[in-house]
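Q: One structure is given below, represented as structure tokens, and several questions about it will come after.
Numbering (full-length UniProt numbering), first residue to last: 1 to 286.
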């Protein structure tokens, strides 16, 4: 009897454990930024959204795939510039799996990493070489912004499938030490030439200012001289006109001379006279 009781107790305990395992294995959660792929006997049943969900224990399994933004790094990629200079590039690619196409990710690739390896990495390696091949070595260093833009556009245009390329950043492009030194020297020479050009332009502007000021001063002096000449001419014309009017008046009235004499005489006779000289007088009308 005791033996049967022990067997019953063990069976009950085992059943309790099975029930507990069944209960625990029937529920699962999916976090924000993830999607749950529910698999039954190797077939995809459905994709679960974030939250608490129920599944058949033992029979169903859940594989979670992240749909958050992530970054894939590509280091030491070798390529050639347009002028045949060997380069080593480091790129970073920001991407995100399309949450509405998670079922495609599982069916066609199985995992997120397999998707990146097959759909993104190969294209990034190809496009990086193609885009850098359109730039001279010096240009790729000097116009890094344009290199970034064209690299991102090329990758976004070429990558298809359930992955969205959010951005591509050229972290670094390096050439041989000798070439980078030659590029630096050439850029310094270009800066020196540009500085000299600016100096010459400034000197030209300053010379133009001096010439303009000199021309303005010459115009001012010329205008002043012209004004003085006009003033002298006007005064001369006025005096000549006055003389002509006075002469005309004298011709018409001979006694005007005597009147002028009388007006200017102070009424006193000379105190000293030369011998045989006559005493000046003023004729008067009788």
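All residues carry an ideal CB built from backbone N, CA and C; glycine is no exception.
Remember, it's a predicted structure, so these values are computed and weren't measured experimentally.
Pull up the distance between the alpha-carbon of residue 34 and that of residue 96, whole angstroms please.
A: Our two residues, residue 34 and residue 96, have alpha carbons roughly 11 Å apart in a direct line.
Q: Count the other CB atoms, across all protein chains shown, that sit within 10 Å of the CB of residue 86; report buried if there are 16 or more and exposed otherwise.
A: exposed
Q: Just how far apart, CA to CA, sit residue 160 and residue 84?
A: 31 Å
Q: Is residue 229 buried or exposed, if buried means 16 or more other CB atoms sit within 10 Å of its CB?
A: exposed
Q: How many angstroms separate the CA atom of residue 231 from the CA atom of residue 238?
A: 10 Å
Q: Where do the ends of the beta strand (DSSP E) carrying residue 28 lie?
A: 27-30
Q: From 111, 155 and 135, pick the residue whose C-alpha is nearest to that of residue 123; which is it?
A: 155
Q: Residues in its own chain within less than 6 Å of residue 32 by CB, not counting five upstream and five downstream?
A: 50
Q: Assuming residue 133 and residue 74 form a contact by the criterion Cβ under 8 Å, report the distance between their Cβ atoms to the nearest whole angstrom.
A: The Cβ separation is near 17 Å, so there is no contact.
Q: Can we say the stretch 105-115 touches the stretch 59-79, given the rule of at least three CB pairs closer than 8 Å?
A: yes
Q: So the candidates are 173, 139, 174 and 168; which of them puts its Cα closest to the Cα of residue 153?
A: 168
Q: Do residue 90 and residue 172 have their C-beta atoms within less than 8 Å of each other?
A: yes
Q: Would you kindly work out how many angstroms separate the C-alpha atoms of residue 39 and residue 28, rounded to a whole number?
A: 13 Å
Q: From this set, 143, 127 and 166, which residue's C-alpha is nearest residue 151's C-alpha?
A: 127
Q: Enumerated in chain order, which unbroken segments of the alpha helix (DSSP H) with a length of 4 residues or greater are wholly contained in the stretch 125-165?
A: 137-142 and 144-158
Q: Assuming the contact rule is C-beta atoms closer than 8 Å, residue 37 and residue 102 should be a hit. Round their C-beta distance to whole Å, please.
A: 7 Å
Q: CB residue 166 to CB residue 104, shorter than 8 Å?
A: Taking 8 Å as the Cβ cut-off, residue 166 and residue 104 do not qualify as a contacting pair.
Q: Figure out for me which residue from 120, 220 and 196 has the closest Cα to the Cα of residue 157.
A: With distances taken between Cα atoms, residue 157 lies closest to 120.
Q: Which residues bound the beta strand (DSSP E) around residue 104?
A: Counting along the chain, residue 104 falls outside any beta strand (DSSP E), though it belongs to the alpha helix (DSSP H) covering 102-108.
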